[in-house]
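For reference, the structure discussed in these notes is given below.
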Amino acid sequence: MQVIRPAGAPPEALAAAAARLRSARKAVALTGAGVSVASGIPDFRSAGGLWTVFSPDEYATLEVFHRDPAKAWELYRALGRTLLGRSPNPAHHALAEMERQGLIQGIITQNVDNLHQQAGSTRVFEIHGDHQHLQCLRCGTLVAATAEHYRAAEIPLCPHCAAPLKPNVVLFGEPVRQLAEIHAFIAGCDLLLVAGTSAQVYPAAALPALVRAGGGRLFEFNREPALSPAEHGEVEYLFQGDVGRTLPLLLRACAAG
Ligand code: ZN
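Under the numbering used here, the first residue of the sequence shown carries the number 2, and numbering increases by one thereafter.
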C-alpha cells in the first residue's frame, strides 16, 4: 500500500494512482459519513453525533416507530435539523466531476443527505434510503419532506391512509435499499474508491472484498486508515487526510496526466 497525503504528495505515486483511475474500465465510489462532515453533518457515530444523543436501540428501530411514533419523531426532528439546508463540499464536487468526466461510473452511498445529487452526481445508489421524502409503511406513499414537517409538533400523517409517516431512511430492523441493483452495478468494477467510511456496516462492508475477489483494486480516502486487509482486501493507495482535499487532488492529477 502506498500512502498519499495532500501535503507533499509524492508526484510519481500520485501520477500512477491517476493513471490507474483513468485506465479503469469501471470505477465506482463507495461513500459514507466522512464525506459529509465538512458540510456540517457530523458522523452519527462520532462524539456528539446523533447516536450519542439518541440511542439507536431506543429511538431508531422500526419497532419503536410502530409502538411509539411520537417518540421516534423526537429523533427524526433532530435528524431533520442535522440534514436540512446543507450544501455539498469539495469532496462531493470532486466525485460529481469524476462522473462527468467518465472517470467513475457512479456512487454507492451510505449517506441519506442528498448532497451527492446536489453536487451533480446522477448515478447514486442510496443503501440507507433518502431523507428527501417521508414514507408511509402502510400504503407505500412517498411525500416530499419539508422543513415544516420537522418543525411541527404533530406527527405528519399519510395523505391517503392517515397512517403516521416516517422519513424515507432505513431504520434499524428495516431491510437496506437497492441491494440487487448495487450488486448488479458493482459487477465488473475494477476500481473501488472507498471514501469517508470505515465500511464496518453491512452491506457496504462486503463491497470492497467483493471487488477484490473479482480482481479489482481499492483506493481508500480517510483521515486514518480504516480498511483492513483481512476483512476488506489489500488497499493499493491510501489517500490520507481530509476527503475535501484528497479527492480533488486525485481529480487534478487525472487532468494533469
Ligand atoms: Zn398511507
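Glycine included, C-beta positions come from ideal geometry on N, C-alpha and C.
Spatial neighbours of residue i in its chain, beta-carbon cut-off 6 Å, leaving aside the 5 residues before and after
| i | result |
| --- | --- |
| V171 | H129, G130 and V177 |
| I183 | I109 and F126 |
| R78 | Y151 |
| H93 | L116, H117 and A120 |
| Q179 | F126 |
| A14 | Q3 and I5 |
For residue i, the three-state DSSP class (helix, strand or coil)
| i | result |
| --- | --- |
| G130 | strand |
| L96 | helix |
| P165 | strand |
| V4 | strand |
| I109 | strand |
| L85 | coil |
| T62 | strand |
| F186 | helix |
| Q118 | helix |
| L208 | helix |
| L76 | helix |
| L239 | strand |
| L22 | helix |
| L172 | coil |
| L228 | coil |
| V38 | helix |
| A71 | helix |
| R152 | helix |
| P11 | coil |
| R178 | coil |
Residues bridged to residue i [DSSP beta-bridge criterion]
| i | result |
| --- | --- |
| G218 | Going by the sequence as given, residue 218 is Arg instead of Gly. In the DSSP output, where bridge partners are listed per residue, R218 has L192. |
| Q136 | L143 and K167 |
| T32 | T110 and A196 |
| Y203 | Bridge partners of Y203: none, in fact. |
| F45 | Bridge partners of F45: none, in fact. |
| V125 | I108 |
| L158 | P165 |
| N223 | Q241 |
Sequence-distant residues of the same chain with beta carbon closer than 7 Å to residue i, five excluded per side
| i | result |
| --- | --- |
| A148 | L85 |
| E175 | L63 |
| E98 | L252 |
| C255 | A19, L22, R23 and L104 |
| P260 | This structure cannot settle anything about residue 260, because the visible part of the chain is limited to 2 through 258. |
| L211 | I187 |
| V4 | L239 and Q241 |
Same chain only: Cβ atoms within 8 Å of residue i, ignoring 5 sequence neighbours per side
| i | result |
| --- | --- |
| L76 | L51, F55, Y60 and A61 |
| P91 | A39, G245, R246, L248 and P249 |
| A200 | L31, G33, A206, L208, P209, A227, L228 and H233 |
| A10 | L250 |
Residue from the options with nearest C-alpha to residue i
| i | options | result |
| --- | --- | --- |
| F126 | P226, A181 and G217 | A181 |
| M2 | F173, C255 and L219 | L219 |
| V202 | F186, Q111, G35 and A71 | Q111 |
| S88 | P70, Q118 and P12 | Q118 |
| V236 | D243, A256, S37 and A196 | A196 |
| A120 | H67, R101, P168 and R46 | R101 |
| I42 | L15, D58, R213 and V113 | V113 |
| S37 | T83, G141, K27 and F186 | T83 |
| A154 | P70, D44, A48 and A14 | P70 |
| A185 | E13, L15, V29 and F66 | V29 |
| N223 | L194, V144 and A14 | L194 |
| A146 | P157, A163, G258 and R139 | P157 |
| S122 | A257, A95 and F66 | A95 |
| K27 | G216, E13, S47 and C137 | G216 |
| E221 | G35, G81, A8 and C159 | G35 |
| R124 | T53, G107 and C137 | G107 |
| E225 | D243, A231 and A214 | D243 |
Heavy atom of the ligand SAH within 7 Å of residue i beta-carbon
| i | result |
| --- | --- |
| T142 | Questions concerning the ligand SAH fall outside what the structure shown contains, since the ligands it does hold are the ligand ZN. |
Whole-number beta carbon distance between residue j and residue i, since they are thought to touch under 8 Å
| i | j | result |
| --- | --- | --- |
| D191 | A73 | The pair is not a contact, with the Cβ atoms about 42 Å apart (cut-off 8 Å). |
| L143 | H132 | Going by Cβ atoms, the distance from L143 to H132 rounds to 12 Å, so no, they are not a contact pair. |
| K167 | F240 | The pair is not a contact, with the Cβ atoms about 37 Å apart (cut-off 8 Å). |
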